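Read through the structure below, which is laid out as structure tokens, and then see the notes.
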Amino acid sequence: LSRIAENLLAFARHQPVRRVRTVVNGLVEEAVQAYEPLLTEAGLRVERRYASGLPELSLDRDQMAQALTNLLSNARDATPPGGRVTVTTGLTDEAEKRWVTIAVADTGAGIPETQRARLFTPFYSTKPEGKGAGLGLSVSYGLTRGHGGTITVESAVGRGSTFTVVLPVQG
93 LSRIAENLLA FARHQPVRRV RTVVNGLVEE AVQAYEPLLT EAGLRVERRY
143 ASGLPELSLD RDQMAQALTN LLSNARDATP PGGRVTVTTG LTDEAEKRWV
193 TIAVADTGAG IPETQRARLF TPFYSTKPEG KGAGLGLSVS YGLTRGHGGT
243 ITVESAVGRG STFTVVLPVQ G
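Quick note on the working numbering: the sequence shown kicks off at 93 and runs consecutively.
Below, the structure written as structure tokens:
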């Protein structure tokens, strides 16, 4: 199983990257609009908090849309009806570089600290058996790393989780 996962991740990372100058908020909004019917059907509210004035990034739009869709799917699965999924964009300076951030936060059950270290491991899932293959986060992580970025997670049991895609601003 581990070898299959490694092959899937290698495939995801080594597809030809078709980078184009991208308005981040536009890409994020397209992903949210495409997935919003499934969130609404699950009884969830969707909130958007997009920062203005973000620089354009050179991204493979399909790959980043897939990464965001995976995060939205996980937020849906983690959040009971009546909950909320909040998508936020921003800009930060760290380690003498500028970074664009895209966060997907939910008001779900949260993830115990003992499970967080393995979240991006292929085939590892916090979902009940039969509810997920454990590939979404590992694929999203690989796609994000292919863009020079990373994904971070903050979570509190009983209060929800926030997954943040952090992408470098080039030039």
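Built from N, CA and C at the ideal position, the CB exists for glycine as well.
These figures come from a predicted structure and were not determined experimentally.
Coarse secondary structure for residue i, derived from DSSP in three states
i           : result
residue 170 : helix
residue 232 : helix
residue 124 : helix
residue 188 : coil
residue 209 : coil
residue 133 : helix
Rounded C-alpha distance that separates residue i from residue j
i           : j           : result
residue 190 : residue 262 : 8 Å
residue 256 : residue 193 : 6 Å
residue 203 : residue 244 : 13 Å
residue 229 : residue 142 : 23 Å
residue 241 : residue 254 : 16 Å
residue 136 : residue 174 : 5 Å
residue 128 : residue 138 : 7 Å
Nearest residue (CA-CA) to residue i, options the options
i           : options       : result
residue 186 : 258, 110, 109 : 258
residue 148 : 159, 166, 120 : 120
Proximal residues to residue i (C-beta, below 6 Å), its chain only, five neighbours per side dropped
i           : result
residue 125 : none
residue 109 : 152
Sequence-distant residues of the same chain with beta carbon closer than 7 Å to residue i, five excluded per side
i           : result
residue 232 : 159, 162, 163, 243
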